[in-house]
Amino acid sequence: MPNTPALVGLGAAAIAGGTHAGPDDRAWAEAILSSVGTVEVLDEALLDAVTGLSGSGPAYVFLLAEALIAAGVAAGLPADVSVRLTEQTLLGASTLLAASADPPEVLRRNVTSPGGTTAAGLAVFDAAGFGAIVTDVVLAATARSRELGRVSIGGEGLST
């Protein structure tokens, strides 16, 4: 299943061939899903991790957007300006990440001047354990996906 950015042709999905799926089935599934974004062909055992990362990932980005917008307002920007700047910042950074041959660490360092404003902001992320928080978020969603898969396979149905 693709993630919600598929609504604008920028989704991300992964597929795995089941025991009864042949090459034609895989090609058909890839063709359908690639019409709304990118498709990764993976081992079925990795699909829960895909759900935790990219299936739920848009919500993580939207939460970051909410926080950036609120922070912009707290810093004195009008709400509409904070929204527009946040949208363009996320779009620009994501587009640069996708277009660049450089890994994210290099792109981040390119923005960060020692002792500068970005370094000050990143120090707060670091002190709060941002990387560990993001890892915990993805692992929690991955674990929940596995749990829901077991419930579904067991025939008990899904419950909230």
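Using numbering that gives the first Met the number 0, the letters of the sequence shown map in sequence onto residues 0 to 159. Glycine residues also receive a C-beta, built at the ideal position from the N, C-alpha and C atoms. Nothing here was measured: the structure is a model prediction, and the numbers come from that model.
Let's see if you can read the secondary structure: which residues bound the alpha helix (DSSP H) around residue i?
i, result
"Ala30", "22-33"
"Asp47", "46-49"
"Asp101", "From DSSP, Asp101 is part of no alpha helix (DSSP H); its letter is neither H nor E."
"Ala127", "Careful: Ala127 lies outside any alpha helix (DSSP H) and carries neither H nor E."
Going by DSSP, name the residue or residues bridged to residue i.
i, result
"Ala12", "Val38"
Who are the near neighbours of residue i in its chain, counting only those whose CB is closer than 6 Å to its CB and skipping five residues on each side?
i, result
"Ala48", "Thr141"
"Gly16", "Arg25"
"Ala12", "Pro1, Leu32, Val38"
"Ser81", "Ile68, Gly71, Val72"
"Thr3", "Pro57"
"Glu43", "Ala15"
Report the rounded CA-to-CA distance for residue i versus residue j, giving the unit in angstroms.
i, j, result
"Ser93", "Gln87", "10 Å"
"Glu146", "Glu104", "33 Å"
"Ala126", "Val133", "14 Å"
"Leu9", "Leu41", "19 Å"
"Ile68", "Leu95", "21 Å"
"Ala98", "Arg107", "15 Å"
"Phe129", "Val123", "9 Å"
"Gly91", "His19", "42 Å"
"Gly21", "Ala28", "11 Å"
"Arg149", "Val137", "19 Å"
"Leu84", "Ala64", "10 Å"
"Gly115", "Asn109", "12 Å"
Once DSSP output is grouped into helix, strand and coil, what is the label at residue i?
i, result
"Pro205", "Because residue 205 is not part of the residues shown, which for the chain are 0 to 159, the question remains open."
"Leu76", "coil"
"Pro1", "coil"
"Gly148", "helix"
"Ser81", "helix"
In its own chain, which residues sit with a C-beta less than 8 Å from the C-beta of residue i, not counting the 5 before and 5 after it?
i, result
"Glu111", "Residue 111 is actually Thr in this sequence, not Glu. These residues qualify, in order along the chain: Thr117, Ala118, Leu121."
Output needed for residue i: all residues of its chain with C-beta closer than 7 Å, excluding positions within five of it in sequence on either side, in chain order.
i, result
"Ser144", "Asp47, Thr50, Gly51"
"Ala5", "Val35, Gly36"
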